[in-house]
Amino acid sequence: EDKVVQSPLSLVVHEGDTVTLNCSYEVTNFRSLLWYKQEKKAPTFLFMLTSSGIEKKSGRLSSILDKKELFSILNITATQTGDSAIYLCAVGRNSGNTPLVFGKGTRLSVIA
Amino acid sequence: DAGITQSPRHKVTETGTPVTLRCHQTENHRYMYWYRQDPGHGLRLIHYSYGVKDTDKGEVSDGYSVSRSKTEDFLLTLESATSSQTSVYFCAIRAPRRVAAGGLSYNEQFFGPGTRLTVL
């Protein structure tokens, strides 16, 4: 059975800290790994990774994929209270119509 | 913004009543999805559609049915609502996105604003 596991489930840090969120997966016909950020509303897309070792960056957020060890990390440097959210990891597969497989998310709280 | 709207945005209903949630998209995307989100469970797929009249079950489809009679609308129906169906429901579409290499990526899903359903 395909699965995506995120850790930790929740995390509390202080502003300015650097955090690393983890996502491991076991899926057949892996195609891509995606990260989403969810504040009080719907999830919004952050990154999609398809190749190992190539870092994707957007401001203070970065992510990298390891297809050999089947995991990805999402780094946030110099955290701000606005980074408080649930971060979701999802994996896409090559097989036809199959939907994304989502992890349960990591709830990040950044306190001043 | 992938042009997705959901209606209603909030609904309170009683156990045993039928409920229909609507997802509407304006950009002719083929794939549409219904998820529910609950604390401790994350996003769970209920049903999805890969074209008009083409639908399939997700991991938590019991108690739900869907219909897609036209590309732009994907309806989720709770035939007889139960308290366990109190949740936040998200619709999503899969849309192509141009990537740096010049091709198209088809894996991203974009979400509607959600419907908060309370079954008393």
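Going down the list, the sequences are from chains A and B.
Per the numbering used here, the first sequence starts with residue 1, numbered consecutively.
Per the numbering used here, the second sequence starts with residue 1, numbered consecutively.
Note that beta-carbon positions come from the ideal geometry of N, C-alpha and C, so glycine has one too.
Does chain B have any CB closer than 8 Å to the CB of residue i?
i, result
"K57 of chain A", "no"
"K104 of chain A", "yes"
"L100 of chain A", "yes"
Step through the CB atoms of chain A and report whether any lies within less than 8 Å of the CB of residue i.
i, result
"Y89 of chain B", "no"
"Y33 of chain B", "yes"
What number of angstroms, rounded off, separates the C-alpha of residue i from the C-alpha of residue j?
i, j, result
"L78 of chain B", "E15 of chain A", "43 Å"
"E117 of chain B", "T13 of chain B", "Correcting the residue identity first, residue 117 of chain B is Leu in this sequence and not Glu. Between L117 of chain B and T13 of chain B, the C-alpha separation is close to 8 Å."
"L76 of chain B", "S87 of chain B", "13 Å"
Please report the residue range of the beta strand (DSSP E) in which residue i lies.
i, result
"H14 of chain A", "S10 to H14"
"G16 of chain B", "First-last for G16 of chain B: undefined, no H or E at that position."
"H47 of chain B", "G42 to G51"
"E26 of chain A", "V19 to E26"
"L120 of chain B", "Here L120 of chain B belongs to no beta strand (DSSP E), and DSSP marks it neither H nor E."
"S7 of chain B", "I4 to S7"
"V110 of chain A", "T106 to I111"
"L34 of chain A", "F30 to Q38"
"K3 of chain A", "K3 to S7"
Look up residue i in the DSSP assignment and say whether it is helix, strand or coil.
i, result
"G82 of chain A", "helix"
"S87 of chain B", "strand"
"V60 of chain B", "coil"
"I54 of chain A", "coil"
"G112 of chain B", "coil"
"N75 of chain A", "strand"
"T44 of chain A", "strand"
Given a limit of 9 Å on CB to CB distance, which residues of the stretch 27-42 of chain A reach chain B? R31, S32, L34, Y36, Q38, K41 and A42
The stretch 37-50 of chain B: which residues have C-beta closer than 7 Å to a C-beta of chain A, in chain order? H41, G42, L43, L45, Y48 and Y50
Taking a Cβ distance cut-off of 8 Å, strictly less, list which residues of the stretch 70-91 of chain A are near chain B, in chain order. L88 and A90
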